[in-house]
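A short worksheet on the structure shown next.
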Amino acid sequence: MEHGRHPAHPTPMTYLKVAAILAIVTFIEWAIFFAPESMDSIKLTVFSVLSVMKFALVVMFYMHLKFDERLFSMFFVGGLTLASGVIIALLVLFQALL
Amino acid sequence: MATIAGVFSRPTRPTGIWAWISTVDHKKIGALYGVTAFVFFLVGGLEALIMRLQLARAEHGIVSAEVFSQLFTMHALTMIFLAIMPLSAAFFNLVVPLMIGARDVAFPRLNAFSYWVFLLGAFILQTGWIVGSSPNTGWFAYAPLTAESFNPSKGMDFYVVGLGVLGVSSVAAALNFIITIINMRAPGMTLMRLPVFIWMTLVTSFLLVTAMPVITVGLIELYMDRTFGMNFFNVDAGADVILWQHLFWVFGHPEVYILILPAMGIISEVLPTFSRKPLYGYPVVVLSGITIGFMGWAVWSHHMFTVGLGPIANSVFAITTMFIAVPTGIKIFNWIGTLWGGSVDLKTAPLFAIGFIFLFIVGGLSGVMHAISPSDAQQQDTYFIVAHIHYVLFGGSIMAVFAGIYYWFPKATGRLLSERVGKWHFWLTMLGMNLAFYPMHFLGLDGMVRRNYTYPEGMGWDFWNMVSTIGAFILGFATLIFVHNFFRSLRKGEISGDDPWDGRTLEWSIPSPPPEYNFAVIPTVHGRDAFWEQKHGSGHGVHAPAGGAYDHDEGHGIHMPSPSILPLITSLGLGIAGYGLVYSFPVAILGAAITMFGTYAWSMEPATAPDEH
Amino acid sequence: MEHTEAAPHAEHATTTGIDHRKMLIWAFLGSECMFFGSLIATYLVYYGQSISGPGPADVLDINTTTVSTFVLLMSSLMMVLSYSAISKGDVKRFRVWILCTAILGSTFLGFQFFEFTEFAHHHQEFECPPALDRPAQYPDTACMDGATHYEANYGLTPRTNLFGSTFFTLTGFHGAHVTVGVIWLLSLFGYSFRRRGEDLIRDGGLNVDLAALYWHFVDIVWIVIFTVVYLIGVTVA
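Residue numbers (my numbering), protein chains in the order written: chain A, 4 to 101; chain B, 1259 to 1871; chain C, 28 to 264.
Here you go:
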């Protein structure tokens, strides 16, 4: 129990499942990209949602954040939130400028 | 067998230069930071004095416009990055492990690495004075003034690479302190029992870790433009130079709090000790510090009110900026509340702390004035802003640094700084500081524009400029008095004993100077102001180990990290790579190779040599 | 703090029970978020602001990059399997998987190198301008004999336009991170032959865990880049 309380990590089977989902989602993204242009408006939303999904899967399962210390989530989500905040604020500011 | 060396090696001890080069002891590294930073403080002060001489009279011709530009740029860069930040780092190093009851920081070698990288970054930044072209654009280096076509000298390259290297040092050090504070507290030292200085170190470290990458990206983009002809700030290619201002101030405003929060932490330690009272409203002070840290991210465009961001952006940033006055004001009331009704012992350290409160209020009030964006439009780029920044950075950070030096000097060296000389130092500093910077308010409101190397006669500015120059020289003289006090007290100062101030926190429970391992027995903490509780507390029954108890236990069974030369080698590679990025890429690759070699050797080297005992 | 571990320098009982180094890597990754966040912010702020071409739709090839994205995602699978193996003390499997990770990472870098050179040498078909407007630099032969179109170099380098500068800097710094990762993984692979990998097993695979976290982080940065720069970037253009 000394070094890093290792919480119950998922089994390799879970890892494979996650990989399968990641691969399928990437394939779907690729397919949607080549969908007719009339769908462009919803494409952006779909891409964003799928991307967030892949991101979350890797972070939660491969980086074990779902099972690991809350402190790590705080560090990481903190950095992520701040970074998103800066990106959004800059986009808003520049839209206002242009 | 580990030798016991205090922060300053005694001639009888077998130390020598190698002990310093290879040290991983947080106290020695703190001393290295402190001495180096103070030397740069003197350098930055000298630059200021030359500028004040130039401005003492209208149309003075002591320096040219170009040299003046380099002077004010380097004055700011030196004071911010090479003096105040590393002085804070010196306190972090000296005090943090002692206050939380730890034997060292979490990563001692990384700590040494941070110092050496800082030193090399400082050299790179100062190289301009040797090759004759220092950065000359102001410390904010607005594009497109920094473009190769407008600024072909190497000065800007030293700026880019120097700040980049210093950023590596800051992030490494900040990560180290975050882990140390979260993970190395003595048993019982819960978060809400942490001394406020530790809290402020933690908040500052988080700010460093998150703000530094932003300026790093800005610097990378500038480097790409200057070296590879990219277009980040090339208006001809459609670039918007305001992007640099945003990237700079997204970093730059948290940076302001990086400079002031450690100072607030020091004040929050000094005042309770010398009032013999607990800090008034501890949870609120901690919360205010955290709030300031958070809010520091939401105010950056107040540096850009006159850019033309539009009324909505200006209003939003004006409101968030004014909001910061709330937690700051809360802190000031709590400090006053701490003094109120206390048996205040007006030694030099609390004098500087009280001076801090006075001067910081002045700076805070003018700060709220330019938070009002229409008002700022009148003040932008005038001496009014110069007055403000010096009231918060000199009146704030530097006063607190001196308070901290008078407070912790006995812990670090075992000797007291002279109180008599200290009082002279304090009063001359107060006098010089106010003479130098208060008139700048008048000059600014009277329309004197900053960063101009001279001004015409008959503007009505001559008198106050002369007063300001006289004040600056008094300030310089006061600083020399301090230097004298420092060196004299180092050798002949009164022996302080372990606990000269009847201190409240754990660092006063161990010998002065502390043994290499700090605590022979890791203390158990039962409340806030842990040591005070032990000495005067209401019977938690924990007896403070007497000083003598340590001697027979000299390092027995305590494995301290062994000295290592690898942090220096690894950082040397980084320094060489830095010069390589300015002058020649093969050299940069050589530097990178050295760093890589250092990293490998480092990761294979055990932290503690196995056969030390 | 009570301590039963046999290691000689065992004063690593930490306040939170978490290993210092694991906390360090997570705090570092938080910092890296800000780094890539700022690069992405620059990319987005300058999106569509280039005065001259080529733009994202001209050069980016979604087919190629989908494959390289897939490669990088699968490298994360290999990585997590290698960590899983070492934490169970299985050095042999660990070596196989970590080598696979490094190979897939290098493959990704190969794709990136290929992509970058392709962009630089990108050719495109242009409509021939009316003879009178034809600037001197157009190859005279291209539009002779009544040809309506001609082909010319329309390459993207970091200096070409704003898109080039932001694109190459963002993806280049990601690539640099991948390169560091590959070196790290190969170092661990080599290290596993020292004392039959005992050092790696002893601390529950912590050394591998740290590299893995870094590697996955680089992977998720790419997930964002792929979506923002490639999928959305080309669709909007």
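Beta carbons are placed, not taken as given, at the ideal position from N, Cα and C, and that holds for glycine.
Among the options, nearest to residue i - alpha-carbon criterion
i, options, result
"B/Tyr1837", "B/Pro1445, B/Gln1503, B/Met1414", "B/Met1414"
"A/Phe79", "A/Met66, A/Leu25, A/Ile90", "A/Met66"
"C/Gly57", "A/Val62, A/Ala92, A/Ser51, A/Thr14", "A/Val62"
"B/Ala1846", "B/Gly1833, B/Phe1408, B/Thr1404, B/Glu1324", "B/Gly1833"
"B/Leu1480", "C/Ala84, C/Thr193, C/Phe97, C/Thr206", "C/Thr193"
"C/Gly199", "C/Pro185, C/Trp211, C/Val209, C/Leu212", "C/Pro185"
"B/Trp1558", "B/Leu1545, B/Gly1568, B/Thr1578", "B/Thr1578"
"C/Gly116", "C/Gly182, C/Thr262, C/Val94, C/Asp226", "C/Asp226"
"B/Pro1410", "B/Gly1390, B/Gly1420, B/Val1426, B/Leu1421", "B/Gly1390"
"B/Lys1285", "B/Glu1305, B/Phe1339, B/Ala1497, B/Arg1367", "B/Arg1367"
"B/Ile1338", "B/Asp1498, B/Leu1693, B/Val1423, B/Ala1295", "B/Ala1295"
"B/Gly1761", "B/Ile1739, B/His1794, B/Thr1737", "B/His1794"
"B/His1511", "B/Ala1497, B/Ser1861, B/Lys1605, B/Met1562", "B/Met1562"
Same chain only: Cβ atoms within 8 Å of residue i, ignoring 5 sequence neighbours per side
i, result
"B/Leu1307", "Ala1730, Phe1731, Gly1734"
"A/Met42", "Ile35"
"B/Tyr1291", "Pro1344, Leu1345, Ala1347, Ala1348, Asn1351, Tyr1373, Phe1376"
"B/Trp1719", "Ala1316, Leu1701, Asp1704, Met1706, Tyr1713"
Sequence-distant residues of the same chain with beta carbon closer than 7 Å to residue i, five excluded per side
i, result
"B/Thr1596", "Leu1529, Pro1530, Ser1533, Lys1535, Leu1537, Tyr1538"
"C/Ser77", "Asn188, Leu189, Phe190"
"B/Ser1463", "Ala1432, Phe1435, Ile1436"
"C/His176", "Glu152, Phe153, Glu154, Cys155"
"C/Thr17", "This structure does not reach residue 17 of chain C, given that chain C is present from 28 up to 264, and the question cannot be answered."
"B/Ala1629", "His1560, Ala1576, Thr1579, Met1580"
"B/Gly1379", "Gly1420, Val1423, Leu1424, Ser1427"
"C/Tyr73", "Leu189, Thr193"
Per-residue burial, residue i [other beta carbons within 10 Å of its own, 16 or more giving buried]
i, result
"C/Met238", "It should be noted that the sequence gives Ala, not Met, for residue 238 of chain C. Looking at its Cβ environment, which holds 16 or more other Cβ atoms inside 10 Å, C/Ala238 is buried."
"B/Arg1443", "buried"
"C/Ser79", "exposed"
"C/Pro81", "buried"
"B/Asn1710", "exposed"
"B/Val1584", "exposed"
"A/Val95", "exposed"
"B/Trp1276", "exposed"
Cβ separation of residue i and residue j, assumed to be a contact under 8 Å, to the nearest whole Å
i, j, result
"B/Gly1288", "B/Leu1352", "4 Å"
"B/Glu1765", "B/Met1357", "5 Å"
"B/Val1454", "B/Tyr1515", "15 Å between Cβ atoms; not a contact."
"B/Trp1502", "B/Tyr1400", "6 Å"
"B/Leu1383", "B/Thr1727", "Not really, about 27 Å apart at Cβ, beyond 8 Å."
"C/Thr96", "A/Thr29", "6 Å"
"B/Tyr1649", "B/Ser1624", "7 Å"
"C/Phe59", "C/Thr91", "It should be noted that the sequence gives Glu, not Phe, for residue 59 of chain C. Not really, about 26 Å apart at Cβ, beyond 8 Å."
"C/Trp65", "B/Val1565", "Sequence inspection shows Ser at residue 65 of chain C; the Trp mentioned does not correspond to that position. That pair is no contact at about 19 Å."
"B/Leu1686", "B/Ala1736", "4 Å"
Residue-chain proximity (residue i, chain C), Cβ-Cβ < 8 Å
i, result
"A/Thr48", "no"
"A/Lys69", "no"
"A/Lys20", "no"
"B/Pro1471", "yes"
"B/Asn1489", "yes"
is_contact[residue i, chain B] using C-beta, thresh 8 Å
i, result
"A/Gln98", "no"
"C/Gln139", "no"
"A/Leu93", "yes"
"C/Leu227", "no"
"A/Val89", "yes"
"A/Leu85", "yes"
"C/Ile247", "no"
"C/Thr69", "yes"
Spatial neighbours of residue i in its chain, beta-carbon cut-off 6 Å, leaving aside the 5 residues before and after
i, result
"B/Arg1746", "none"
"B/Ala1556", "Thr1578"
"B/Ser1676", "Asn1743, Ser1747"
"B/Asp1757", "Trp1766"
Minimum Cβ-Cβ distance from residue i to chain A less than 8 Å
i, result
"C/Ser58", "yes"
"C/Val207", "no"
"C/Thr184", "no"
C-beta neighbour in chain E for residue i, strict 8 Å
i, result
"B/Ala1607", "Looking for chain E here will not work: the only protein chains present are A, B and C."
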